[in-house]
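Visitor: Positions in the sequence shown are counted from 1; adding 47 to them yields this note's numbering.
Positions of the beta carbon are idealized from the N, C-alpha and C atoms, including for glycine.
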Amino acid sequence: MNCIVMNHPLITHKVSLLKDKQTGPKDFKSIVKEISMLMCYELTRELPLREAAIESPMGIVRTQIIAGRAIAFVPILRGGLGMLDGLLELMPNAKVGHIGAYRDPETKNAVVYYEKLPDDVEEREVIICDPMLATGGLACETIAHVKKTGCKSIKFLTLIASRQGVERVNAAHPDVTVYCAGMVDGLDENGFIAGGFGDIGARLFGTK
(Lines of atoms letter the chains of each structure in order from A; the text may use other names.)
(Lines give C-alpha, C1' and ligand atoms only; values in the text may rest on other atoms or scores of the structure.)
Protein backbone atom coordinates (compact mmCIF):
# COMPACT_ATOMS: atom_id res chain seq x y z
CA MET A 48 0.00 0.00 0.00
CA ASN A 49 1.44 3.36 -1.07
CA CYS A 50 0.51 5.18 2.13
CA ILE A 51 2.51 6.66 4.99
CA VAL A 52 0.71 6.91 8.34
CA MET A 53 2.25 9.61 10.53
CA ASN A 54 1.64 8.12 13.97
CA HIS A 55 3.74 10.52 16.03
CA PRO A 56 2.16 10.71 19.53
CA LEU A 57 1.45 14.45 19.21
CA ILE A 58 -0.34 13.92 15.90
CA THR A 59 -2.32 10.93 17.19
CA HIS A 60 -3.38 12.85 20.31
CA LYS A 61 -4.54 15.87 18.32
CA VAL A 62 -6.49 13.69 15.87
CA SER A 63 -8.35 12.26 18.88
CA LEU A 64 -9.30 15.81 19.90
CA LEU A 65 -10.75 16.41 16.44
CA LYS A 66 -12.97 13.33 16.82
CA ASP A 67 -14.47 14.73 20.03
CA LYS A 68 -17.85 16.25 19.15
CA GLN A 69 -17.44 18.74 22.02
CA THR A 70 -14.52 20.43 20.23
CA GLY A 71 -15.95 23.72 18.91
CA PRO A 72 -15.08 25.56 15.66
CA LYS A 73 -12.36 27.77 17.19
CA ASP A 74 -10.44 24.89 18.79
CA PHE A 75 -11.16 22.56 15.87
CA LYS A 76 -9.61 25.02 13.42
CA SER A 77 -6.54 25.54 15.63
CA ILE A 78 -5.97 21.80 16.03
CA VAL A 79 -6.28 21.18 12.26
CA LYS A 80 -3.63 23.87 11.74
CA GLU A 81 -1.33 22.31 14.37
CA ILE A 82 -1.64 18.81 12.89
CA SER A 83 -1.00 20.17 9.39
CA MET A 84 2.21 21.84 10.60
CA LEU A 85 3.42 18.63 12.21
CA MET A 86 2.58 16.62 9.11
CA CYS A 87 4.32 19.14 6.84
CA TYR A 88 7.46 18.70 8.93
CA GLU A 89 7.39 14.94 8.31
CA LEU A 90 6.22 15.28 4.71
CA THR A 91 9.26 17.37 3.76
CA ARG A 92 11.80 15.18 5.54
CA GLU A 93 13.31 13.97 2.26
CA LEU A 94 13.59 17.33 0.49
CA PRO A 95 16.99 17.52 -1.24
CA LEU A 96 19.65 19.93 0.00
CA ARG A 97 22.50 21.67 -1.78
CA GLU A 98 25.61 23.42 -0.58
CA ALA A 99 25.70 27.20 -0.43
CA ALA A 100 28.01 29.91 0.87
CA ILE A 101 26.47 32.48 3.19
CA GLU A 102 27.90 35.37 5.15
CA SER A 103 27.46 34.78 8.86
CA PRO A 104 28.36 37.22 11.67
CA MET A 105 31.64 35.28 11.89
CA GLY A 106 32.44 35.38 8.19
CA ILE A 107 31.70 33.26 5.11
CA VAL A 108 30.54 29.72 5.90
CA ARG A 109 29.46 26.82 3.75
CA THR A 110 26.11 25.36 4.67
CA GLN A 111 23.11 23.59 3.15
CA ILE A 112 19.81 24.94 1.86
CA ILE A 113 16.77 23.32 0.24
CA ALA A 114 17.28 22.48 -3.40
CA GLY A 115 15.24 20.90 -6.13
CA ARG A 116 11.64 21.30 -7.17
CA ALA A 117 9.53 24.05 -5.58
CA ILE A 118 6.31 23.28 -3.71
CA ALA A 119 2.67 24.06 -4.49
CA PHE A 120 -0.14 23.37 -2.01
CA VAL A 121 -3.55 22.60 -3.52
CA PRO A 122 -6.35 22.40 -0.94
CA ILE A 123 -9.67 20.88 -1.98
CA LEU A 124 -12.40 23.40 -1.12
CA ARG A 125 -13.56 23.89 1.41
CA GLY A 126 -12.24 21.50 4.04
CA GLY A 127 -8.69 21.66 2.68
CA LEU A 128 -8.54 25.37 3.51
CA GLY A 129 -8.37 24.44 7.19
CA MET A 130 -5.01 22.74 6.58
CA LEU A 131 -3.48 25.50 4.46
CA ASP A 132 -2.45 27.94 7.21
CA GLY A 133 -0.43 25.28 9.01
CA LEU A 134 1.36 24.24 5.82
CA LEU A 135 2.19 27.84 4.87
CA GLU A 136 3.44 28.51 8.39
CA LEU A 137 6.38 26.21 7.63
CA MET A 138 6.69 26.92 3.89
CA PRO A 139 5.52 30.52 3.33
CA ASN A 140 7.09 30.74 -0.13
CA ALA A 141 5.08 27.85 -1.55
CA LYS A 142 2.52 28.73 -4.22
CA VAL A 143 -1.13 27.87 -3.65
CA GLY A 144 -3.76 26.55 -6.03
CA HIS A 145 -7.37 25.62 -5.34
CA ILE A 146 -9.65 22.81 -6.49
CA GLY A 147 -13.38 23.04 -5.78
CA ALA A 148 -15.00 19.61 -5.70
CA TYR A 149 -17.83 17.77 -4.01
CA ARG A 150 -19.40 14.33 -3.97
CA ASP A 151 -22.82 14.19 -5.57
CA PRO A 152 -25.15 12.88 -2.82
CA GLU A 153 -27.17 10.77 -5.26
CA THR A 154 -24.62 9.32 -7.67
CA LYS A 155 -21.72 9.45 -5.15
CA ASN A 156 -19.55 10.59 -8.08
CA ALA A 157 -16.98 13.36 -7.64
CA VAL A 158 -17.80 16.69 -9.32
CA VAL A 159 -15.08 19.31 -9.88
CA TYR A 160 -16.61 22.79 -10.20
CA TYR A 161 -13.58 25.07 -9.79
CA GLU A 162 -9.89 24.92 -10.62
CA LYS A 163 -7.18 27.57 -10.22
CA LEU A 164 -3.58 26.39 -10.22
CA PRO A 165 -0.22 28.19 -10.38
CA ASP A 166 0.97 28.88 -13.93
CA ASP A 167 4.11 26.81 -13.36
CA VAL A 168 2.39 23.99 -11.47
CA GLU A 169 3.84 21.35 -13.81
CA GLU A 170 7.33 22.30 -12.59
CA ARG A 171 6.43 21.98 -8.91
CA GLU A 172 5.89 19.22 -6.40
CA VAL A 173 2.16 19.42 -5.74
CA ILE A 174 0.73 18.54 -2.35
CA ILE A 175 -3.05 18.12 -2.53
CA CYS A 176 -4.67 18.43 0.89
CA ASP A 177 -8.09 17.43 2.18
CA PRO A 178 -8.87 16.56 5.82
CA MET A 179 -10.63 13.28 5.01
CA LEU A 180 -10.08 10.54 2.43
CA ALA A 181 -13.23 8.41 2.53
CA THR A 182 -14.28 6.56 -0.63
CA GLY A 183 -11.35 8.01 -2.58
CA GLY A 184 -13.48 9.28 -5.46
CA LEU A 185 -12.87 12.95 -4.74
CA ALA A 186 -9.14 12.40 -4.31
CA CYS A 187 -8.85 10.42 -7.56
CA GLU A 188 -10.73 13.05 -9.57
CA THR A 189 -8.68 15.90 -8.09
CA ILE A 190 -5.40 14.14 -8.77
CA ALA A 191 -6.52 13.50 -12.35
CA HIS A 192 -7.26 17.22 -12.84
CA VAL A 193 -3.83 18.20 -11.56
CA LYS A 194 -2.17 15.61 -13.80
CA LYS A 195 -3.83 17.19 -16.84
CA THR A 196 -1.51 20.18 -16.37
CA GLY A 197 1.51 17.94 -16.96
CA CYS A 198 2.48 17.79 -13.29
CA LYS A 199 4.60 14.69 -12.61
CA SER A 200 5.13 14.94 -8.84
CA ILE A 201 2.02 14.76 -6.64
CA LYS A 202 1.40 13.81 -3.02
CA PHE A 203 -1.94 13.58 -1.22
CA LEU A 204 -2.08 14.82 2.37
CA THR A 205 -5.04 14.02 4.62
CA LEU A 206 -5.76 13.88 8.33
CA ILE A 207 -7.75 10.66 8.37
CA ALA A 208 -8.14 8.04 5.64
CA SER A 209 -10.13 4.89 5.13
CA ARG A 210 -8.27 1.83 3.93
CA GLN A 211 -10.76 1.54 1.06
CA GLY A 212 -10.07 5.12 -0.03
CA VAL A 213 -6.30 4.63 0.04
CA GLU A 214 -6.59 1.44 -1.99
CA ARG A 215 -8.73 3.23 -4.58
CA VAL A 216 -6.21 6.06 -4.92
CA ASN A 217 -3.36 3.54 -5.15
CA ALA A 218 -5.15 1.67 -7.93
CA ALA A 219 -5.96 4.77 -9.97
CA HIS A 220 -2.75 6.68 -9.28
CA PRO A 221 0.03 4.30 -8.16
CA ASP A 222 2.59 7.11 -8.50
CA VAL A 223 0.90 9.23 -5.80
CA THR A 224 1.78 8.59 -2.16
CA VAL A 225 -0.94 9.19 0.44
CA TYR A 226 0.15 10.72 3.75
CA CYS A 227 -2.31 10.54 6.63
CA ALA A 228 -2.44 11.08 10.38
CA GLY A 229 -4.64 8.05 10.95
CA MET A 230 -6.30 5.20 9.06
CA VAL A 231 -9.57 3.38 9.71
CA ASP A 232 -11.14 0.33 8.08
CA GLY A 233 -14.80 1.27 7.98
CA LEU A 234 -17.18 3.43 5.93
CA ASP A 235 -20.85 3.83 6.83
CA GLU A 236 -23.77 3.24 4.46
CA ASN A 237 -23.38 6.77 3.06
CA GLY A 238 -19.69 6.34 2.29
CA PHE A 239 -18.47 8.45 5.22
CA ILE A 240 -15.65 7.44 7.55
CA ALA A 241 -16.99 5.61 10.58
CA GLY A 242 -15.65 7.26 13.72
CA GLY A 243 -14.40 10.26 11.74
CA PHE A 244 -14.76 14.01 12.26
CA GLY A 245 -18.28 14.52 10.95
CA ASP A 246 -18.93 17.44 8.58
CA ILE A 247 -15.50 19.05 8.26
CA GLY A 248 -16.82 22.27 6.73
CA ALA A 249 -19.38 22.75 9.47
CA ARG A 250 -16.87 22.10 12.23
CA LEU A 251 -14.19 24.33 10.73
CA PHE A 252 -16.37 27.28 9.83
CA GLY A 253 -19.49 26.84 11.98
CA THR A 254 -21.77 26.53 8.93
CA LYS A 255 -23.62 23.69 7.23
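Using only alpha-carbon positions, find the residue among 185, 107, 57 that is nearest to residue 122.
Guide: Among 185, 107, 57, the Cα nearest to that of residue 122 belongs to 185.
Visitor: Would you kindly check if the distance between the Cβ of residue 234 and the Cβ of residue 72 is under 8 Å?
Guide: No, these two residues do not count as a Cβ contact at 8 Å.
Visitor: Around the C-beta of residue 48, are 16 or more other C-beta atoms found within 10 angstroms, so that it is buried, or is it exposed?
Guide: Answer is exposed; the Cβ neighbour count stays below 16.
Visitor: Check for me: the alpha helix (DSSP H) holding residue 72 runs from which residue to which?
Guide: 72 to 90 is the span of the alpha helix (DSSP H), which, as asked, contains residue 72.
Visitor: Counting Cβ pairs, one atom from each stretch, are 3 or more of them under 8 Å apart for the region 103 to 112 and the region 162 to 177?
Guide: With the cut-off at 8 Å, the region 103 to 112 and the region 162 to 177 do not touch.
Visitor: Residue 240 to residue 98, Cα distance in whole Å?
Guide: So the alpha carbons of these two residues sit roughly 45 Å apart.
Visitor: On the criterion of 16 or more Cβ atoms from any shown chain inside 10 Å, does residue 88 qualify as buried, or is it exposed?
Guide: Classification for residue 88: exposed.
Visitor: Taking the beta strand (DSSP E) that residue 240 falls in, what are its first and last residues?
Guide: Residue 240 -> no beta strand (DSSP E), and no H or E assigned at all.
Visitor: CA-CA distance, residue 244 and residue 68?
Guide: Taking the straight line joining both Cα atoms gives about 8 Å.
Visitor: Could you check if residue 60 is buried or exposed, using at least 16 other CB atoms within 10 Å of its CB as the buried criterion?
Guide: With fewer than 16 other Cβ atoms within 10 Å, it is exposed.
Visitor: Give a yes or no on whether the C-beta atoms belonging to residue 118 and residue 192 are separated by under 8 Å.
Guide: Taking 8 Å as the Cβ cut-off, residue 118 and residue 192 do not qualify as a contacting pair.
Visitor: Tell me the start and end of each unbroken alpha helix (DSSP H) in the region 142 to 205 that is at least 4 residues and wholly inside, in chain order.
Guide: If we require 4 residues or more, the alpha helix (DSSP H) runs fully inside the region 142 to 205 come out as 184 to 194.
Visitor: Per DSSP, residue 99 forms a beta bridge with which residues?
Guide: BP columns for residue 99 point to 110.
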